[in-house]
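Read the structure below first, then the notes.
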Amino acid sequence: MSADYQQIRVLWPDHLNLPRGKYLPAATAANGARHCLTTFALNYDRYMGPVPGTGFLEGMPDLHCEVSLDDVRPGWEPGVGVVVGNLTHAGEAVPFAPREVLRRAVAAWEGMGYTPKAGFEFEAYLMTPDGDGWVPYRAPGSFVYGTGHFNDPDGVWREIAARAMACGFRLESVNAEYDEGQFEFTLVYDDAMASSDEAFLFKTMAREVAAERGLLLTFLPKPIAGRGGNGLHVNLSFTDSSGGFALVDHASSDGLSTLAKRCIAGQLAYLRPMTALCCPTVNSYKRLAPAQLCGYWQNWGHDHRCTTVRVNPERGASTRLENRLPDAAASPHMALAAILTASRLGVLGALECPPPETLDGLENVSCNVHTPASLSEALDELEADETFVSALGAETVAQFTAVKRTEWAQYAAHVTDWELDTYLPYI
């Protein structure tokens, strides 16, 4: 495969879901690439500190990104193939690398005789420069579920979709979302790792195609006050050892198996500790609010978009548990690992599934538990849940929370425009 390209772009997702990597000559790409392990101590602003496991105080050693040329796929740059690699340090997998976290979560399910399947739905805003910053893409005739010229006047999303097809990405659908300049794209489901890699690469490709036009495609959870947020809906299903659809039991009143109900119970029971992994930025908590059609409440429902876990009405191969908690800033690998872990704990603990939500889910809900109010509170919830931490991986939680505590501290110390606009004239 490498003979088809001049260069191989070796990529791997980090803890911020940024696509770290290197361009390598095709002739030597099989050797993989080396990067600094302490990359896992970085914040978005490039601040770096003594994060556990990252070697910050031990000379900032190398990690190795191992690749297989059999996995090289067509890239979106001329003459460049793309491959996602595995990270090792001192001959061992880097425990908090998102792909490794997901690999462990998948292996735990496989040890129980099930193969996890997943599909992702992204929401994102397209932004244009206005000289001082970014403003929403102008599509004055747009509407939710819109297609065609009025929803994409400059053909940006049509170009992204065309580039996706040329690269072999399997897009199930693309459409305008609720607000002007907002779009949704849905990827075809696959095995957990394959679908997460696909989502990671697609997001990278889509942002770069927009950037080629001088535009910004943002997956920030709440980029515009007063408008809808950007979610990352994670659709989960399982096959059993015989290839059967493990979430289905046609003998039950609603067609859902005991496994399905216990997975739902686990996702709800561990809603608060897994929120930080699924909603990993300060901005995330401006999206999480009642009546926002996101995973705010500790509830589930049949074909109910105002719940955290929505179960689609079809029964059979398409039966799935749609978790609406994660936002579009989340790592697909980490969000899926968190949901798989919570689901598995629901099965192992034989947790009882609460009744489905039958109220509107907007102003009236049948529960009183919801997600944490801030990133700081979410990190507290994550660290305090020993069962969830042990199941996901203590080293993963230690590395993640150390970086995110710094992010929160920087935010808390920042003087905002709102503070100046509100207080300065009077105080």
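The sequence shown begins at 6 in the working numbering and counts up one residue at a time. Backbone N, C-alpha and C define an ideal beta-carbon position, used for all residues, glycine too.
Rounded C-alpha distance that separates residue i from residue j
i	j	result
Cys372	Phe148	32 angstroms
Thr44	Tyr275	29 angstroms
Leu384	Val56	15 angstroms
Phe61	Asp254	51 angstroms
Glu97	Glu368	50 angstroms
Gly80	Leu74	14 angstroms
Gln415	Ser289	16 angstroms
Val394	Cys311	28 angstroms
Thr313	Gly366	10 angstroms
Gly54	His94	19 angstroms
Arg109	Thr427	48 angstroms
Ala144	Leu237	23 angstroms
Asp9	Leu298	45 angstroms
Val161	Pro66	41 angstroms
Val158	Phe224	In the sequence on display, residue 158 carries Pro and not Val. So the alpha carbons of these two residues sit roughly 20 angstroms apart.
Glu185	Ala215	17 angstroms
Gln303	Trp139	35 angstroms
Asp245	Arg14	36 angstroms
Val99	Leu425	44 angstroms
Gln404	Ala389	15 angstroms
Gly260	Val370	24 angstroms
Ser336	Tyr431	43 angstroms
Leu16	Leu92	10 angstroms
Gly116	Arg104	18 angstroms
Trp305	Ala34	46 angstroms
Met279	Ala32	42 angstroms
Ala113	Leu107	10 angstroms
Arg175	Ala169	8 angstroms
Gly249	Ala417	50 angstroms
Val420	Gly231	21 angstroms
Run of the alpha helix (DSSP H) containing residue i, from where it starts to where it stops
i	result
Asp245	Premise fails: Asp245 lies in the beta strand (DSSP E), Leu237 to Asp245, not in any alpha helix (DSSP H).
Glu327	Glu327 -> not in any alpha helix (DSSP H); beta strand (DSSP E) instead, spanning Leu326 to Asn328.
Arg104	Pro103 to Glu115
Arg168	Val161 to Cys172
Trp423	Asp422 to Tyr428
Arg267	Thr263 to Ala274
Lys227	Where Lys227 is concerned, there is no enclosing alpha helix (DSSP H), given that its DSSP letter is neither H nor E.
Glu185	Where Glu185 is concerned, there is no enclosing alpha helix (DSSP H), given that its DSSP letter is neither H nor E.
His154	Unbroken run through His154: none, as it is neither H nor E.
Ile344	Pro337 to Leu353
Tyr431	Neither: Tyr431 is in no alpha helix (DSSP H) and is coded neither H nor E.
Per DSSP, cross-strand counterpart(s) of residue i
i	result
Thr191	Glu126 and Ser178
Ala38	Cys70
Met279	Answer by DSSP bridge pairing: none, since Met279 is not bridged.
Ile13	Leu29 and Gly86
Trp413	None, per the DSSP bridge assignment.
Tyr119	Asp245
Ala98	Thr93
Leu131	Leu222
Trp81	BP columns for Trp81 are empty, so no partner.
His375	Trp302
Phe250	Thr244
Leu47	Met53
Pro18	Pro24
Residue range of the unbroken beta strand (DSSP E) whose run includes residue i
i	result
Trp139	Trp139 to Pro141
His307	Trp305 to His307
Thr392	Not the beta strand (DSSP E): Thr392 falls in the alpha helix (DSSP H), residues Glu391 to Leu397.
Arg315	Val314 to Val316
Whole-Å CB distance - residue i paired with residue j, under 8 angstroms assumed
i	j	result
Thr191	Glu203	12 angstroms between Cβ atoms; not a contact.
Lys227	Arg329	Not a contact, Cβ separation roughly 15 angstroms.
Thr346	Leu220	No, Thr346 and Leu220 are not in contact; Cβ-Cβ is about 36 angstroms, not under 8 angstroms.
Tyr142	Ala251	Wrong, their Cβ atoms sit about 41 angstroms apart, outside the cutoff.
Pro121	Phe243	6 angstroms
Val316	Ala197	Between Ala197 and Val316 the Cβ distance is about 19 angstroms, and since that is not below 8 angstroms, they are no contact.
Asn503	Gly124	Because the chain in this structure spans residues 6 to 432, residue 503 falls outside the shown range and cannot be described.
Lys208	Cys358	Contact flag wrong, Cβ pair sits at about 32 angstroms.
Glu71	Gly90	6 angstroms
Ala436	Ala333	The question about residue 436 has no answer, for the chain in this structure spans 6 to 432.
Thr411	Tyr150	Incorrect: roughly 40 angstroms between the Cβ atoms, too far for contact.
Ala343	Leu397	7 angstroms
Gly58	Glu391	Contact doesn't hold; Cβ gap of about 19 angstroms is too wide.
Gln12	Pro30	6 angstroms
Thr376	Arg218	The Cβ separation is near 36 angstroms, so there is no contact.
Gly146	Gln187	Incorrect: roughly 14 angstroms between the Cβ atoms, too far for contact.
Any non-hydrogen atom of the ligand SAM closer than 8 angstroms to residue i Cβ
i	result
Arg410	This structure simply doesn't include the ligand SAM, nor any ligand for that matter.
Chain B within 9 angstroms of residue i, Cβ atoms only
i	result
Arg325	Protein chains in the displayed structure number just one, and chain B is not present.
Touching by the beta-carbon criterion (3+ pairs, under 8 angstroms), the segment 260-274 and the segment 350-368: Because the criterion of three Cβ pairs below 8 angstroms is met, the segment 260-274 and the segment 350-368 touch.
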